[in-house]
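These notes concern the structure reproduced below.
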Amino acid sequence: MSTPRPAAPAREPTNPKVGFVSLGCPKALVDSERILTQLRVEGYDLVQSYNDADVVVVNTCGFIDSAVAESLDAIGEAMAENGKVIVTGCLGKREDVIRQAHPGVLSISGPQDYGSVMNAVHAAVPPAHDPFIHLVPDTGIKLTPKHYAYLKISEGCNHRCSFCIIPSMRGDLASRPVDEVLREAEKLAMGGVKELLVISQDTSAYGVDVKYAAREWRGKPYQTRMKALCEGLSELGLWTRLHYVYPYPHVDEIIPLMADGKLLPYLDIPFQHASPRILKLMKRPGAVDRTLGRISRWREIAPELTIRSTFIVGFPGETEAEFEELLDFLDVAQLDRVGAFAYSPVEGARANELPDPVDEDVKQERLARFMERQAAISTARLEAKVGSVQRCLVDAIDGELAIARSMADAPEIDGVVQVQDGRDAGLQPGQFVDVEILGSDEHDLYGEVAV
Ligand code: SF4
1 MSTPRPAAPA REPTNPKVGF VSLGCPKALV DSERILTQLR VEGYDLVQSY
51 NDADVVVVNT CGFIDSAVAE SLDAIGEAMA ENGKVIVTGC LGKREDVIRQ
101 AHPGVLSISG PQDYGSVMNA VHAAVPPAHD PFIHLVPDTG IKLTPKHYAY
151 LKISEGCNHR CSFCIIPSMR GDLASRPVDE VLREAEKLAM GGVKELLVIS
201 QDTSAYGVDV KYAAREWRGK PYQTRMKALC EGLSELGLWT RLHYVYPYPH
251 VDEIIPLMAD GKLLPYLDIP FQHASPRILK LMKRPGAVDR TLGRISRWRE
301 IAPELTIRST FIVGFPGETE AEFEELLDFL DVAQLDRVGA FAYSPVEGAR
351 ANELPDPVDE DVKQERLARF MERQAAISTA RLEAKVGSVQ RCLVDAIDGE
401 LAIARSMADA PEIDGVVQVQ DGRDAGLQPG QFVDVEILGS DEHDLYGEVA
451 V
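In full-length UniProt numbering, the protein residues as written are 1 to 451.
The following block contains the structure:
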């Protein structure tokens with residue numbers, strides 16, 4: 001879960017002022033950006049302190065219990081410091097939980113319910129709109145640095161993974177029309193964005209709900225479908241990175257685009273487990289041999305491919321042998337980046353009803369073994385890059401260093417490339433640079449500007 005992000009600074013002291021706390025995943029971040037954009041369109045100033053705000057909006061996360069606690073704490077802090085609080089986001093679906101902890105909040109709405117948030121803001125502090133003064137950049141208000149942006153292509157999910165309550169919070173898949181997404185990407189490119197991070201709950205299912213309807217963009221037809229979307233985005237000449245890809249066979253179709261340099265050779269695929277029985281209990285695809293075969297074919301076509309994944313250990317009923325199947329999978333799959341969680345029951349998830357829960361100490365012991373096994377793999381895969389030259393995008397200058405990312409590194413979740421002579425070389429955030437890799441560890445690479 002991300003930490004609260006302060007909104008943009010205030011512009012005019014006479015306008016009504018809104019404080020904003022944004023919690024949760026990149027999908028929630030995009031919801032925050034839409035609300036912030038609408039607030040600016042209507043002439044509200046966005047302020048960074050509770051004292052300066054006339055009202056505070058808290059965009060919450062409700063994915064796991066720790067996120068619920070973090071959201072309730074954030075609401076409590078805003079209530080104590082300001083007192084006029086509007087709650088939205090995933091936890092908003094559980095109004096009773098919020099009301100019980102904080103009965104005085106002004107309004108509660110669920111995710112993507114921008115209309116309810118704006119109505120609540122209007123009721124708390126009416127807008128003072130002047131369209132000639134309150135101009136908003138074409139790209140809207142962004143919470144990410146200027147050079148990368150999240151591009152949300154759909155809401156909701158048609159899967160029913162037994163550990164997940166997102167479909168009950170966000171509903172079934174609803175894809176945005178491809179031309180609308182491509183136009184948004186075009187605007188972002190014109191606004192200086194260099195890297196697009198495509199997000200959804202299930203990127204590979206994009207367009208299934210609208211039967212892959214074709215739309216026109218720049219005078220050419222494009223289907224509302226992952227591959228066509230990637231082809232359209234490649235026209236913009238940006239880095240495009242795919243997140244939350246479900247391991248369907250048709251992911252094969254986009255690997256040639258990576259080999260041709262049209263799409264970053266990077267896939268974020270949450271495999272979650274490798275034991276067919278556990279995957280079945282999770283209600284996820286269970287053909288592990290086919291998955292391994294597919295990964296190896298992908299690497300033949302696009303040898304640079306970086307695969308990031310997440311796993312759950314200690315799922316109800318997981319035996320020691322099934323856990324070891326997972327470790328064996330790691331050895332064979334040789335994934336580049338891996339995150340893992342010990343299973344924790346989420347209120348409302350069907351997995352809670354499964355028999356044979358794994359003891360907490362066994363879960364933690366398995367998690368530690370899992371991370372140790374993967375650490376050796378990640379370290380070796382990074383070490384193999386020492387001596388190579390990597391195209392990088394600079395995120396920040398920190399003292400002497402430029403903090404950059406290669407094609408293998410998504411912001412916030414993966415490692416970085418520390419460019420040791422970055423300041424002397426005059427690098428700036430948002431700039432591409434070729435870096436000669438001189439060293440590595442488990443997460444990061446170190447190097448100098450290539451000559
Ligand atoms: S694919 Fe599974 S885990 Fe992901 S949002 Fe859909 S139901 Fe949840």
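All C-beta atoms in this analysis are idealised placements derived from N, C-alpha and C, irrespective of residue type, glycine included.
Taken atom to atom, the span from the alpha-carbon of Arg-170 to that of Pro-111 is near 7 Å.
Taking Lys-280 as the centre and dropping the five residues before and after it, the same chain places the C-beta of Gly-286 closer than 6 Å to its C-beta, in chain order.
Apart from sequence neighbours up to five positions away, the residues of its chain that approach Glu-81 with a beta-carbon distance below 7 Å are Tyr-50, ordered along the chain. Between Leu-382 and Glu-448, the C-beta gap is not smaller than 9 Å, which leaves the two residues out of contact. Here the stretch 97-106 lies against the stretch 64-83, with 3 or more beta-carbon pairs under 8 Å apart.
Lys-385 sits in coil when the DSSP states are folded into three classes, being neither helix nor strand. Burial check for Ile-307: the Cβ neighbour count within 10 Å reaches 16 or more, so the residue is buried.
Ligand 1 never approaches Pro-276 closely enough for any of its heavy atoms to be under 8 Å from the residue's Cβ. The three-state reading of DSSP puts Val-21 in strand, counting E and B together. For Leu-281, the enclosing alpha helix (DSSP H) begins and ends at 276-282. Taking every protein chain shown into account, the CB of Pro-355 has fewer than 16 other CB atoms within 10 angstroms, so this residue is exposed. Judged by DSSP secondary structure, Gln-223 falls within the beta strand (DSSP E) whose first and last residues are 220-223. The C-beta of Ser-275 has 16 or more other C-beta atoms within 10 Å across all chains shown, which makes the residue buried.
Rounded to whole angstroms, the gap between the alpha carbons of Tyr-343 and Gly-62 is 16 Å. Closest in alpha carbon position to Glu-253, among His-243, Glu-235, Glu-231 and Ala-124, is Glu-231.
For Tyr-150, the closest C-alpha among the options Leu-401, Thr-203 and Glu-322 is that of Thr-203. Closest in alpha carbon position to Val-394, among Arg-350, Asp-421, Arg-40 and Pro-167, is Asp-421.
In terms of Cα proximity to Asp-113, the closest of Gln-38, Leu-46 and Glu-186 is Gln-38. Distance from the C-beta of Cys-164 to the nearest heavy atom of ligand 1 is below 8 Å.
For the pair Trp-217 and Ile-255, the CB atoms are not nearer than the 9 Å cut-off. Secondary structure of Phe-323 (DSSP, three-state): helix. Going by beta carbons, Arg-277 and Glu-322 fall inside the 9 Å limit. A direct Cα-Cα distance of roughly 13 Å separates Ala-123 from Tyr-44.
Taking Ala-205 as the centre and dropping the five residues before and after it, the same chain places the C-beta of Asn-158, Leu-173 and Tyr-246 closer than 7 Å to its C-beta, in chain order.
Annotation for Thr-310: the continuous beta strand (DSSP E) segment containing it runs 306-313. In this structure Asp-336 touches Ser-378 by the C-beta definition: roughly 7 Å separates them, less than 8 Å. Around the C-beta of Thr-60, 16 or more other C-beta atoms lie within 10 Å, and the residue is accordingly described as buried. A check of alpha carbon separations from Ile-269 across Pro-429, Leu-257 and Val-251 identifies Val-251 as the nearest. With fewer than 16 other beta carbons inside 10 angstroms of its own, Lys-220 counts as exposed. CA-CA distance, Ala-408 to Leu-305, rounds to 8 Å. Relative to the Cα of Val-178, the nearest Cα in the group Asp-209, Ser-22 and Asp-52 belongs to Asp-209. When DSSP reads this structure, Ser-234 sits in no beta bridge, so it has no partner. Relative to Pro-357, the option among Glu-372, Gly-339 and Glu-318 whose CA is nearest is Glu-318. For His-443, the Cβ stays outside the 8 Å cut-off from all heavy atoms of ligand 1. Take the alpha-carbon of Arg-34 and the one of Pro-145: they are about 16 Å apart.
Beta-bridge analysis with DSSP links Thr-88 to Asn-59.
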